[in-house]
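A.B. asks: Numbering (our numbering), first residue to last: 6 to 351.
This is the structure we're talking about:
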């Protein structure tokens with residue numbers, strides 16, 4: 006709670022009918038609806054209209070992370086242990102979230118079928134554990150494809166587990182660098198035809214990398230958002246990408262909250278971008294002074310979530326509450342497989 010017992014999360018709450026939560030993506034992807042949110046009002050479009058909404062010379066900043074099969078079912082003796090990988094640490098171990106973590110002790114071995122085994126190196130107060138796997142590099146990636154499954158968000162109902170379609174649907178066209186637990190979902194809307202149309206219109210593109218962690222699904226538990234701490238995520242902006250983004254100041258369109266968080270993490274006070282390689286736990290909420298993106302393409306987010314707070318910081322809380330009320334009334338589809346919004350910075 007904030008001072009005086011006020012729960013500030015209520016400022017970022019809204020009622021969402023269960024039927025508005027998308028269980029499958031639009032087909033084709035760029036047929037998803039797009040709500041254009043500007044100071045002048047709200048306009049209903051589709052993602053395929055992006056070339057008409059952007060200007061020649063604009064720069065799309067996309068996230069090229071690739072989702073890994075991060076959900077693992079293991080055994081420590083007779084005990085079943087559910088593991089969701091979160092992020093790889095600099096020493097090659099992995100931070101992970103564990104179900105039944107209270108059963109684990111430092112030194113315990115967890116077997117994930119015949120393909121993979123891990124030793125518990127540490128337990129964290131937040132319920133996370135640090136795991137050292139018996140394989141590294143390409144061998145680890147190959148074993149993970151055998152032992153793991155996609156960690157789909159809990160609001161996508163898959164009683165029998167992720168489907169073959171999900172394996173394709175939950176990757177963006179830009180996916181190149183393995184390491185994400187969750188997809189950067191704004192990027193899911195792009196198709197080769199849309200990219201070609203944007204290029205023909207003079208809109209360019211540059212890739213950065215932020216490996217989205219399992220913490221993206223965690224709710225905002227503190228009544229005072231200032232007390233909330235995000236799980237760190239690994240990111241990289243190359244020198245070439247930093248130079249291209251800096252040169253495009255005033256014309257930057259961030260594709261997704263992940264791209265925006267990474268840009269803001271790497272920004273100098275004057276809005277130039279420095280090369281970046283490391284972790285960020287930047288929590289963007291109202292009051293943040295943006296130094297980089299001018300527009301943000303993003304999906305519709307959960308109530309009381311850090312991501313809804315981010316879009317309120319970017320476009321204004323009153324404007325975003327009005328936008329979400331319109332989207333709910335107009336039947337927009339929400340969350341990872343849902344529709345999109347294009348936000349003009351307040």
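Glycine included, each C-beta is placed from N, C-alpha and C at the ideal position.
Note that the structure is a prediction, hence the values are computed from the model and not measured.
At 4 residues or longer, what runs of the alpha helix (DSSP H) sit wholly inside the segment 21-90?
C.D. replies: Entirely contained in the segment 21-90, the alpha helix (DSSP H) runs reaching 4 residues are, in chain order, 55-58.
A.B. asks: Rounded to whole angstroms, what is the Cα-Cα separation between residue 94 and residue 70?
C.D. replies: Looking up residue 94 in the chain shown gives position 89. Looking up residue 70 in the chain shown gives position 65. When rounded, the distance between both Cα atoms is 16 Å.
A.B. asks: Rounding to the nearest angstrom, what Cα-Cα distance links residue 200 and residue 114 in this structure?
C.D. replies: In the chain shown, the residue the question calls residue 200 occupies position 195. In the chain shown, the residue the question calls residue 114 occupies position 109. Straight-line Cα distance between these residues: approximately 46 Å.
A.B. asks: Quick one: give me the first and last residue of the beta strand (DSSP E) that residue 260 is part of.
C.D. replies: As a first step, residue 260 is located in the chain shown; it is residue number 255 there, counting from the start. Residue 260 -> beta strand (DSSP E) spans 257-260.
A.B. asks: Could you tell me which residues DSSP pairs with residue 169 in its beta bridges?
C.D. replies: Within the chain shown, residue 169 is the residue found at index 164, counting from 1. Paired residue(s): none; residue 169 is not in a bridge.
A.B. asks: Count the other CB atoms within 10 Å of the CB of residue 79; is the residue buried (16 or more) or exposed (fewer)?
C.D. replies: Here residue 79 refers to the residue found at position 74 when the chain shown is read from its first residue. The residue in question, residue 79, is buried, as its Cβ has 16 or more Cβ neighbours within 10 Å.
A.B. asks: According to the neighbour-count rule (16 or more other Cβ atoms, all chains shown, within 10 Å of its Cβ), is residue 89 buried or exposed?
C.D. replies: For the purposes of this step, residue 89 is taken as residue 84 along the chain shown, with counting starting at 1. Residue 89 should be labelled buried.
A.B. asks: Can you list, in chain order, the residues of its chain whose CB lies under 6 Å from that of residue 180, leaving out five sequence neighbours each side?
C.D. replies: In the chain shown, counting from the first residue as 1, residue 180 sits at position 175. Around residue 180: 71.
A.B. asks: Does the segment 155-162 come close enough to the segment 124-135 to have 3 or more Cβ pairs within less than 8 Å?
C.D. replies: With the cut-off at 8 Å, the segment 155-162 and the segment 124-135 do not touch.
A.B. asks: Comparing alpha-carbon positions, which option in 189, 183, 332 and 111 lies nearest residue 150?
C.D. replies: Counted from its first residue, the chain shown places residue 150 at position 145. Considering only alpha carbons, the answer is 183.
A.B. asks: Under 8 Å, with one C-beta from each stretch per pair, do the segment 206-219 and the segment 40-49 reach the 3-pair mark?
C.D. replies: Taking 8 Å as the limit for Cβ pairs, the verdict is that the segment 40-49 does not touch the segment 206-219.
A.B. asks: When DSSP builds the beta bridges, which residues end up paired with residue 317?
C.D. replies: Residue 317 sits at position 312 when you count from the first residue of the chain shown. Paired residue(s): none; residue 317 is not in a bridge.
A.B. asks: Is the Cβ-Cβ distance between residue 194 and residue 35 less than 7 Å?
C.D. replies: Taking the chain shown and counting its residues from 1, the one referred to as residue 194 is at position 189. Taking the chain shown and counting its residues from 1, the one referred to as residue 35 is at position 30. Yes, the Cβ-Cβ distance between residue 194 and residue 35 is below 7 Å.
A.B. asks: By how many angstroms is the C-alpha of residue 77 removed from the C-alpha of residue 248?
C.D. replies: One-based indexing of the chain shown puts residue 248 at position 243. One-based indexing of the chain shown puts residue 77 at position 72. Cα to Cα, the separation comes out at about 39 Å.
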